[in-house]
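Here the structure comes first, spelled out in structure tokens, and everything after it is commentary.
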Amino acid sequence: MTNLKNHILKSTLEGTNKTDIPVWLMRQAGRYLPEYRELKEKYSFNQLSENPELAATVTLQPLQRYKELDAAILFADIMSPSKALGFSFEFNPGPVLENPIKSPEDIFKINIKDIKETNQYIFDALKIIRSEIPHKALLGFAASPWTLACYLIHQGIYKQHLGTKIFAAKFPEAFENLCEKITEITINYLIECSNSGADAVQIFDTWASLLSVNEYENLSGKWIKKIVTKLKEKNIPVIIYAQSDINILKIISEYQPRVLSVDWKINLLELSKIIPNDILLQGNIDPTSLFKASEDIKKLVRDTYTPFLQSGRIIANLGHGILPQTPTEAVQSLLSEIKNLS
5 MTNLKNHILK STLEGTNKTD IPVWLMRQAG RYLPEYRELK EKYSFNQLSE
55 NPELAATVTL QPLQRYKELD AAILFADIMS PSKALGFSFE FNPGPVLENP
105 IKSPEDIFKI NIKDIKETNQ YIFDALKIIR SEIPHKALLG FAASPWTLAC
155 YLIHQGIYKQ HLGTKIFAAK FPEAFENLCE KITEITINYL IECSNSGADA
205 VQIFDTWASL LSVNEYENLS GKWIKKIVTK LKEKNIPVII YAQSDINILK
255 IISEYQPRVL SVDWKINLLE LSKIIPNDIL LQGNIDPTSL FKASEDIKKL
305 VRDTYTPFLQ SGRIIANLGH GILPQTPTEA VQSLLSEIKN LS
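Mind the numbering: the sequence shown is residues 5 to 346 in our numbering, read in order.
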């Protein structure tokens, strides 16, 4: 039986921890770490993320450096599940698709492949990591169907993924079909992440920021709701991260995820008062604040999390991923102060 006293994030998710504030950081494994940069001199991103042993090594690097971290999140990319839809990509430095969607016909000819056939390396990596950290939480993740679609559809001259909104407006039937297919593979992918050792999974709806309240339900929300419903049937805790305003976050809370994760523009205390009490909050330190002096970082931690002490309702994290040039000492200051506070 797992010792939940030593398993702070898992016990928080299960509602049994009211004293300690768990912490992990988006993109905690990767570019800001010297040990990662050494590996990156030898291997490409694809080689690191698609080799189970190397992916496990990179995933565990931040936990070896920072003992305060309560969870590992798999070193992978939100593009990974798209292999089950027949997409191929390289990183240069971001994802570059070999075969982006350019027409409705490209969508209707997609044949869904078995997720284990296309992504077994992901599940093998999770199993390795799980065996290495019995008293820490392990997280899998995927993009929301809307956010993944933003990367799969060719943008043409448009930036910030406006090409996806235009495609959805011009070809609503095809876009609906695409999101149905992404939803199916995402459910299968995240269930298999859980079967391979993940204690919880996070859905990234980063590009919710493009959508108005009126657009959100149809283009993104209904697909997330379907995923959350299926995962809850399997007792898999779901964290939803969305870059959006408080009105869209209220909509997402209606899908009843276990955790709602938000960026630094949202007032956590205000949000906590308008969503159901049984939904935990995660976030939302501004990643750029890690370039401040140590004492300023510690003050920010106290200001952000003191209102939630003894509530059992907060998971400390950033409001987005760690930036590449972030000083490692600043991350240490952040993590140490979170643990000192709790």
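Idealized CB from N, CA, C, for every residue including glycine.
| query | result |
| --- | --- |
| Report the rounded CA-to-CA distance for residue 107 versus residue 59, giving the unit in angstroms. | 34 Å |
| If I measure Cβ to Cβ from residue 50 and keep anything under 7 Å in the same chain, skipping five residues before and after, which residues do I get? | 94, 95 |
| Assess, as a yes-or-no matter, whether the stretch 70 to 79 is touched by the stretch 166 to 174 under the definition of 3 or more beta carbon pairs within less than 8 Å. | no |
| Hey, is residue 282 close to the ligand ATP, as in C-beta under 8 Å from one of its heavy atoms? | The ligand ATP is not part of the structure shown, which contains no ligands of any sort. |
| Might you give, ordered along the chain, the residues of its own chain that have their beta carbon closer than 7 Å to the beta carbon of residue 66, omitting 5 neighbours on each side? | 32, 33, 37, 73 |
| Check residue 4 in the structure and name its three-state DSSP category. | Shown here, the chain extends from 5 to 346; a query on residue 4 therefore has no answer. |
| Considering only residues of the same chain and omitting the five flanking positions on each side of residue 223, which have a CB-CB separation below 7 Å? | 150, 172, 215 |
| Taking 9 Å as the threshold (C-beta atoms), are residue 198 and residue 240 in contact? | yes |
| Rounding to the nearest angstrom, what Cα-Cα distance links residue 287 and residue 335 in this structure? | 15 Å |
| Kindly indicate which residue of 282, 113, 204, 235 has the alpha-carbon position closest to the one of residue 317. | 282 |
| Taking the Cβ atom as the reference point for each residue, do residue 228 and residue 194 lie within a distance shorter than 9 Å? | no |
| Buried or exposed for residue 85, please, with buried defined as at least 16 other CB atoms from any protein chain shown within 10 angstroms of its CB. | buried |
| Can you name the start and end residues of the alpha helix (DSSP H) that residue 132 belongs to? | 119 to 136 |
| Determine the direct distance from the alpha carbon of residue 256 to that of residue 247, and round the result to whole angstroms. | 11 Å |
| Between residue 276 and residue 285, what straight-line distance do the alpha-carbon atoms span, to the nearest angstrom? | 7 Å |
| When DSSP labels each residue in this structure, what does residue 162 get in the three-state scheme? | coil |
| If residue 143 and residue 78 are in contact, beta carbons under 8 Å, what's the gap, nearest whole angstrom? | 7 Å |
| Can you tell me whether residue 14 is buried or exposed? The criterion is at least 16 other CB atoms within 10 Å of its CB, across all chains shown. | buried |
| Compare the beta carbon distance of residue 192 and residue 80 with 9 Å and say whether it is the shorter of the two. | no |
| Quick check on the DSSP output: the beta strand (DSSP E) that includes residue 220 runs from which residue to which? | Residue 220 -> not in any beta strand (DSSP E); alpha helix (DSSP H) instead, spanning 217 to 220. |
| Does the beta-carbon of residue 314 have 16 or more other beta-carbons within 10 angstroms, so that it is buried, or is it exposed? | exposed |
| Under DSSP, the beta strand (DSSP E) around residue 242 begins and ends at which residues? | 242 to 246 |
| To which residues of the same chain is residue 234 closer than 7 Å at the C-beta, ignoring the five residues directly before and after it? | 191 |
| Kindly list the residues whose CB is nearer than 6 Å to the CB of residue 104, restricted to its own chain and excluding five residues on each side of it in sequence; keep chain order. | 158 |
| So who's on the other strand from residue 265, going by DSSP bridges? | 245, 286 |
| Tell me where the beta strand (DSSP E) around residue 24 begins and ends. | Taken as a continuous stretch (DSSP letters only), residue 24 belongs to no beta strand (DSSP E), as it is neither H nor E. |
| Along the chain, where does the beta strand (DSSP E) containing residue 94 start, and where does it finish? | 93 to 95 |
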